[in-house]
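Quick note on full-length UniProt numbering: the sequence shown kicks off at 1 and runs consecutively. Even glycine gets a Cβ: it sits at the ideal position worked out from N, Cα and C. Scroll down for the structure; my scribbles are underneath it.
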Amino acid sequence: MVDFFKRRVQPHRDSYEQFAYETEENHKSKLDLVRLSAVVCGIEFCYAAETAFVSPILLQLGLPVIFMTWIWCLPPLIGFFLVPILGSLSDKCNTRIGRRRPFIIIYSIGILIGLLLVANGRTIGQWFGDLNYTSINQTSLPFLSHKVGTIITILGVILLDLDCDACQSPSRAYLLDVTNPDQQSLGLTTFTAMAGLGGSLGYFLGGIPWEKTALARILGDHIHVLFTIVWMIYIVCLMLTVTAAKEPTNIAIMAPYLNRSTSRQFLVSTYSINNFDEDIQQHDEHTLTTSNNMKISYMDYLRSIIYMPSSLKWLCLTNFFCWMAIVSYSLYFTDFVGQAVFGGNPKLGYEHPLRILYNDGVRFGSWGMAIYSISCSIYSFNMQKLNNYFGIKRVYIGSQLIYAIGMLLMGYLRHRFAVIILSATAGILYSTLFTIPFLLISKYYASNTYGQTNTNGQIRGIGTDVAIVSSMVFLAQFCLSSTMGTFIHLANSTVMVTIVASILSICGAISATQFITFTVIINSQICEKTPQYGECSTNIACGCFHMIGTHDDTGVCGFLWPTCSRLVRCNSSDNSCLQPNTICVQHPQCEDFPLCYPVGMIDQNMCPPTKNKSNLKWKQNAITVAGGNGRGQQLNQKHNAKEGQVIAGGNGQGKRIDQLSSPMAMILDQQNHSIIITDQGNWRVIQWSSQKQQILIDNIFCYNLAMDKYGFLYVSNWNVGEVRRWKMGEYKNEGIVVAGGNGKGNQLNQLNHPTFIFVDKDQSVYVTDYNNGRVMKWKKDAKEGIVVAGGNGGGGNLNQLLYPHGVIVDHLGQVYVVDKGNNRVMRWCEGKEEGEIVVGGNGQGGEPDQLSDPTGLSFDDEENLYVADYSNNRIQKFEIIL
1 MVDFFKRRVQ PHRDSYEQFA YETEENHKSK LDLVRLSAVV CGIEFCYAAE
51 TAFVSPILLQ LGLPVIFMTW IWCLPPLIGF FLVPILGSLS DKCNTRIGRR
101 RPFIIIYSIG ILIGLLLVAN GRTIGQWFGD LNYTSINQTS LPFLSHKVGT
151 IITILGVILL DLDCDACQSP SRAYLLDVTN PDQQSLGLTT FTAMAGLGGS
201 LGYFLGGIPW EKTALARILG DHIHVLFTIV WMIYIVCLML TVTAAKEPTN
251 IAIMAPYLNR STSRQFLVST YSINNFDEDI QQHDEHTLTT SNNMKISYMD
301 YLRSIIYMPS SLKWLCLTNF FCWMAIVSYS LYFTDFVGQA VFGGNPKLGY
351 EHPLRILYND GVRFGSWGMA IYSISCSIYS FNMQKLNNYF GIKRVYIGSQ
401 LIYAIGMLLM GYLRHRFAVI ILSATAGILY STLFTIPFLL ISKYYASNTY
451 GQTNTNGQIR GIGTDVAIVS SMVFLAQFCL SSTMGTFIHL ANSTVMVTIV
501 ASILSICGAI SATQFITFTV IINSQICEKT PQYGECSTNI ACGCFHMIGT
551 HDDTGVCGFL WPTCSRLVRC NSSDNSCLQP NTICVQHPQC EDFPLCYPVG
601 MIDQNMCPPT KNKSNLKWKQ NAITVAGGNG RGQQLNQKHN AKEGQVIAGG
651 NGQGKRIDQL SSPMAMILDQ QNHSIIITDQ GNWRVIQWSS QKQQILIDNI
701 FCYNLAMDKY GFLYVSNWNV GEVRRWKMGE YKNEGIVVAG GNGKGNQLNQ
751 LNHPTFIFVD KDQSVYVTDY NNGRVMKWKK DAKEGIVVAG GNGGGGNLNQ
801 LLYPHGVIVD HLGQVYVVDK GNNRVMRWCE GKEEGEIVVG GNGQGGEPDQ
851 LSDPTGLSFD DEENLYVADY SNNRIQKFEI IL
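Next comes the structure, spelled out in structure tokens:
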């Protein structure tokens, strides 16, 4: 029967191999993640060039300061309405190169054009009639003298600023689409680190005096050299990203275990995001529609943006406050250093000492911006460890509070070295903004919290929601640009910049407390009162993993042999998991600490649940699935049939190596691609393959065979009253006695004509003791057996067996045994003194509810029972009652 169970495991093993192949195929190396994040590194180079030199370029063209302020407001105003719509369109985009990369390329074209227009707007204006001047240090001429150049430069600024902000959304969505859920945290961390790297290198690049290098003689002044270098760097970064990975045509490829289980049992794993119970309940009330069947209009996308889940609204509000806080620093920090720290004044003449002092402060502030970018990179590399140790909730709120304290201290101290050191707190918040909001969105979609529709029936997609959350930077920049000047004017001090930044960051921390607790529903089988790694599935490759914080040996049923190095420790503070689609379990074979286990490996498609076998019942009228047409040789009969393929014997009855005599039982030896047969008439056990035959055991009247998972062969010796475990070359090729072996008898250390054998995973041997009317269990290395069925003499009572034959034991220790003499199959529950009749027991006969001298039994994957009905020459199938 062991070979039967091995065959039952095979389909589940195949499904796991398919899952493992898909997972391995989409697993990304660190180099792959760097390439996927390269484009944001290029964007930060562009940001550094933009923030350092766009304002001087516009001022030199004669543009009034008030107009320049409104120019900075235009890109975020346009982006706030346009970018989420384009993000939602990317969710349904279907091109040969994917759905995200077309938008990345489109935005990148805008960035490259913007760089060219900003650097060359003045020159292009001269082609169309603007007045010429020879030096960048020349006093700016009136605005009307440079109308065309100014308009082209403004267009370049809008393109550059808008597309730099907008390109980050499809870049993040692309990263999330092509990485495994358990790699998304590392992917977003790499994304943020690359952003910090690009920013710091960009600021250092801008500080190099390019006008003194050989490149200036080829390309022109400092601005042209810098923007040309940034232009080429961005093209390299773009190519690295768009060629890093092929996009999946269906996001379900990345999480093949989502939405597949039809189980009625659910396991609820709590992480940290309030208000999600309502979202999940609303989600369950709607039928999901596949993307292939959706009829989506432009207005549907607009409504999906307006009618967003409450949890997403809180996330957007938090992101809005955070971006306003960080934009306060990034746009006005150098001005704060120049005026509040260095005591300079930008309104005085160029040669005035206070104006010179102000310019020195602005240049000194650039070093603070570089520290801020470096801090962002360093913090990003450690964010995953911090999330694992403190929990995502504490890290998200704590980052905002650290920034708030840093800004307050910066405004209070106003010391040049203090502002450099405290600029690192801005890098902490910037890293958090780049990572955690989008990690949360990926977790929402990995856990299918949103599904494909929300409560108003609107279409939701990860691209839409990433773009919506990203668009908060536009709204924050617009609101701050419109109001910060008023705050500074009323306070008559740029210290107001740090105060406003601190207040906004505190507001973001408060709003974050409202949504960072969420519930993930996992379709998995719960195993109760089951030991660690205990049997819990029809797939013997699965076992029970105890969960954290549960009692009575409760856990989830999952695949037993994942790669330990792929498993990440749970958060030590709350035993939660940052990685999407994972749950915290005990796995001592890998590590003593609780580990985050992939939900895909506890899905019921991989580990089908065992039914409550103590209550299983079968229909009493069987279906004949083989034979049943009397004894004969026809294809529909069982007795000396001549049709079919001969795989062993067929050379007449005899003693030669190529002959058999009264073969009684056989098993498949899959490891050696052969059949092992009990050749009773020749008193031997023979191994038969297509190439050769060999005698394994000689001089034995073997009744039945079994094989354990280690490849050991078990043989019942009918005449001697023993069962031996045998393996080629061991124990002088005689095997070792594992049951009986003390002569025929009815003592606990004896057997009397042993027949059928069953071996469990612990190598305990169950033997049907034919003449003693009992089933005995012999644990490994035991000196005597235990009666687990019958043992009260031969008879027909419920506590008796008469000539027992076939036996199978399930994971609950329940013994199913063929009671041949009573024409029935019985089940003996562990510890019970009586058994119960499963099928048969209605007298000897040939009716559907009768058996006649049954011998063997077996189960299929659906727990239907098959019985070999010997004297009726048929195989009976008893269907399970669900």
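- request: Could you tell me whether the region 526-533 touches the region 367-380, using the rule of 3 or more Cβ pairs below 8 angstroms?
  value: no
Minimum C-alpha distance to residue 860 - residue among 852, 876 and 120: In the sequence shown, the residue the question calls residue 860 occupies position 860. Of the listed residues, the one whose Cα sits closest to residue 860 is 876.
field: Runs of beta strand (DSSP E) lying entirely within the region 672-757, each at least 3 residues, in chain order
entry: 674-679, 684-688, 693-698, 702-707, 713-717, 722-726 and 736-740
message: With distance defined between alpha-carbon atoms, name the residue in 598, 490 and 401 nearest to residue 513.
response: For the purposes of this step, residue 513 is taken as residue 513 along the sequence shown, with counting starting at 1. If we check each option's Cα against that of residue 513, 401 comes out closest.
message: Once the 5 residues before and after residue 339 are set aside, which same chain residues still bring their CB inside 6 angstroms of it?
response: Start at 1 with the first residue of the sequence shown, and residue 339 comes out as number 339. 494, listed in sequence order.
query: If you follow the alpha helix (DSSP H) that residue 868 is part of, which residue opens it and which one closes it?
result: Numbered from 1 along the sequence shown, position 868 holds the residue referred to as residue 868. That residue, residue 868, is in no alpha helix (DSSP H); its beta strand (DSSP E) goes 865-869.
- request: Return the CA-CA distance between residue 354 and residue 218, expressed in angstroms with no decimal places.
  value: Along the sequence shown, one-based indexing puts residue 354 at 354. Along the sequence shown, one-based indexing puts residue 218 at 218. Answer to the nearest angstrom: the Cα atoms are 37 angstroms apart.
- prompt: Going by alpha carbons, who is nearest to residue 806 out of 782, 783, 829 and 766?
  reply: Taking the sequence shown and counting its residues from 1, one reaches residue 806 at position 806. Residue 766 is the option with its Cα nearest to residue 806.
task: Report the three-state DSSP secondary structure of residue 122 (helix, strand or coil).
output: Here residue 122 corresponds to residue number 122 of the sequence shown, with the count starting at 1. It is helical.
- prompt: Regarding residue 570 and the ligand ATP, is the C-beta to nearest heavy atom distance less than 7 angstroms?
  reply: Ligands are entirely absent from the displayed structure, and the ligand ATP is therefore not among its contents.
message: Spatial neighbours of residue 136 within its chain, please: C-beta separation below 8 angstroms, excluding the five flanking residues on both sides.
response: Here residue 136 is taken as the residue at index 136 of the sequence shown, counted from 1. Note that residue 136 scores a pLDDT of 39, beneath 50, so its modelled location is shaky and nothing firm can be said.
- request: Would you identify the three-state DSSP class for residue 862, choosing helix, strand or coil?
  value: In the sequence shown, residue 862 corresponds to position 862, counting from 1. Here residue 862 sits in coil by DSSP.
message: I need the boundaries of the alpha helix (DSSP H) containing residue 186, first residue and last residue.
response: As a working mapping, residue 186 is identified with position 186 in the sequence shown. Where residue 186 is concerned, the enclosing alpha helix (DSSP H) stretches over 184-206.
- request: Could you tell me if residue 491 is buried or exposed, where buried requires 16 or more neighbouring beta carbons within 10 angstroms of its beta carbon?
  value: Within the sequence shown, residue 491 is the residue found at index 491, counting from 1. That one is exposed.
field: Short Cβ contact (8 angstroms threshold) for residue 46 with residue 234
entry: Reading the sequence shown from its first residue, position 46 is the one you call residue 46. Reading the sequence shown from its first residue, position 234 is the one you call residue 234. The answer is yes: Cβ separation under 8 angstroms.
task: Could you work out which residue in 619, 554, 716 and 654 is closest to residue 666 when comparing CA atoms only?
output: Position 666 of the sequence shown, counted from the first residue, corresponds to residue 666. Of the listed residues, the one whose Cα sits closest to residue 666 is 716.
query: What span of residues does the beta strand (DSSP E) with residue 582 cover, start to end?
result: As a position in the sequence shown, residue 582 is number 582, starting the count at 1. Run containing residue 582: 582-585, per the beta strand (DSSP E) assignment.
task: Taking 8 angstroms as the cut-off, decide whether the C-beta atoms of residue 114 and residue 74 are in contact.
output: Within the sequence shown, the letter at position 114 stands for residue 114. Within the sequence shown, the letter at position 74 stands for residue 74. Cβ atoms of residue 114 and residue 74: not closer than 8 angstroms.
- prompt: In or out: residue 480 buried (at least 16 other Cβ within 10 Å) or exposed?
  reply: Sequence index remark: in the sequence shown, residue 480 carries index 480 (1-based). Looking at its Cβ environment, which holds 16 or more other Cβ atoms inside 10 Å, residue 480 is buried.
query: My guess is that residue 196 and residue 380 are in contact by the Cβ rule of under 8 angstroms, so how many angstroms apart are they, rounded?
result: In the sequence shown, counting from the first residue as 1, residue 196 sits at position 196. In the sequence shown, counting from the first residue as 1, residue 380 sits at position 380. About 6 angstroms; that satisfies the 8 angstroms criterion.
field: Sequence-distant residues of its chain with Cβ nearer than 6 angstroms to residue 718 (five each side left out)
entry: Along the sequence shown, read from residue 1 onward, the residue named residue 718 stands at position 718. Cβ neighbours of residue 718 beyond the five flanking positions: 701, 703 and 753.
Beta strand (DSSP E) segment containing residue 824, residue limits: As a working note, residue 824 is residue 824 in the sequence shown. Where residue 824 is concerned, the enclosing beta strand (DSSP E) stretches over 824-828.
query: Are residue 844 and residue 823 close, meaning C-beta to C-beta below 8 angstroms?
result: Counting from 1 along the sequence shown, the entry for residue 844 is found at position 844. Counting from 1 along the sequence shown, the entry for residue 823 is found at position 823. For residue 844 and residue 823, yes; Cβs fall inside 8 angstroms.
message: Taking DSSP's pairing of strands, which residues face residue 624 in a bridge?
response: If you number the sequence shown from 1, residue 624 lands on position 624. Partner(s): 876.
task: Would you check if the distance between the CB atom of residue 776 and the CB atom of residue 759 is smaller than 8 angstroms?
output: Counting from 1 along the sequence shown, the entry for residue 776 is found at position 776. Counting from 1 along the sequence shown, the entry for residue 759 is found at position 759. No; because the gap between Cβ atoms is not below 8 angstroms, this pair is not in contact.
message: Rounded to the nearest angstrom, what separates residue 334 and residue 385 at their Cα positions?
response: The sequence position of residue 334 within the sequence shown is 334, counting from 1. The sequence position of residue 385 within the sequence shown is 385, counting from 1. Distance between the alpha carbons of residue 334 and residue 385 is about 33 angstroms.
Start-to-end residues for the beta strand (DSSP E) that takes in residue 494: Counted from its first residue, the sequence shown places residue 494 at position 494. Counting along the chain, residue 494 falls outside any beta strand (DSSP E), and DSSP gives it neither H nor E.
field: Among 150, 849, 741 and 321, the one whose alpha carbon lies nearest that of residue 500
entry: Here residue 500 refers to the residue found at position 500 when the sequence shown is read from its first residue. Checked all of 150, 849, 741 and 321; the closest Cα to residue 500 is 321.
- request: For the alpha helix (DSSP H) containing residue 395, list its first residue and its last residue.
  value: One-based indexing of the sequence shown puts residue 395 at position 395. Segment 392-413, the alpha helix (DSSP H) holding residue 395.
field: Straight-line gap, residue 450 to residue 591 (C-alpha atoms, nearest Å)
entry: Stepping through the sequence shown from its first residue, residue 450 is reached at position 450. Stepping through the sequence shown from its first residue, residue 591 is reached at position 591. Here the model assigns residue 450 a pLDDT of 47, short of 50, so the residue's position is not dependable, and the following value carries that caveat. Roughly 34 angstroms between the two C-alpha positions.
query: What residues in its chain sit with their C-beta under 8 angstroms from that of residue 112, if we drop five residues either side in the sequence?
result: In the sequence shown, the residue the question calls residue 112 occupies position 112. Taken in chain order, the residues that qualify are 231, 234 and 235.
- prompt: Which one of 658, 429, 671 and 102 has the shortest CA to CA distance from residue 710?
  reply: The residue given as residue 710 occupies position 710 in the sequence shown. Among 658, 429, 671 and 102, the Cα nearest to that of residue 710 belongs to 671.
- request: Could you check the C-alpha separation between residue 150 and residue 597 for me, to the nearest Å?
  value: Position 150 of the sequence shown, counting from 1, holds the residue named residue 150. Position 597 of the sequence shown, counting from 1, holds the residue named residue 597. Computed Cα separation, rounded: 58 angstroms.
- prompt: Span of the alpha helix (DSSP H) holding residue 331?
  reply: Locating residue 331 in the sequence shown gives position 331, where the first residue counts as 1. It spans 310-336 - the alpha helix (DSSP H) in which residue 331 sits, taken as one unbroken run.
message: Taking the alpha helix (DSSP H) that residue 231 belongs to, which residues open and close that run?
response: Here residue 231 corresponds to residue number 231 of the sequence shown, with the count starting at 1. Residue 231 -> alpha helix (DSSP H) spans 222-242.
task: Can you grab the Cα-Cα spacing for the pair residue 747 / residue 779, in whole Å?
output: By 1-based counting over the sequence shown, the position of residue 747 is 747. By 1-based counting over the sequence shown, the position of residue 779 is 779. Looking at the two C-alpha atoms, the distance is approximately 16 angstroms.
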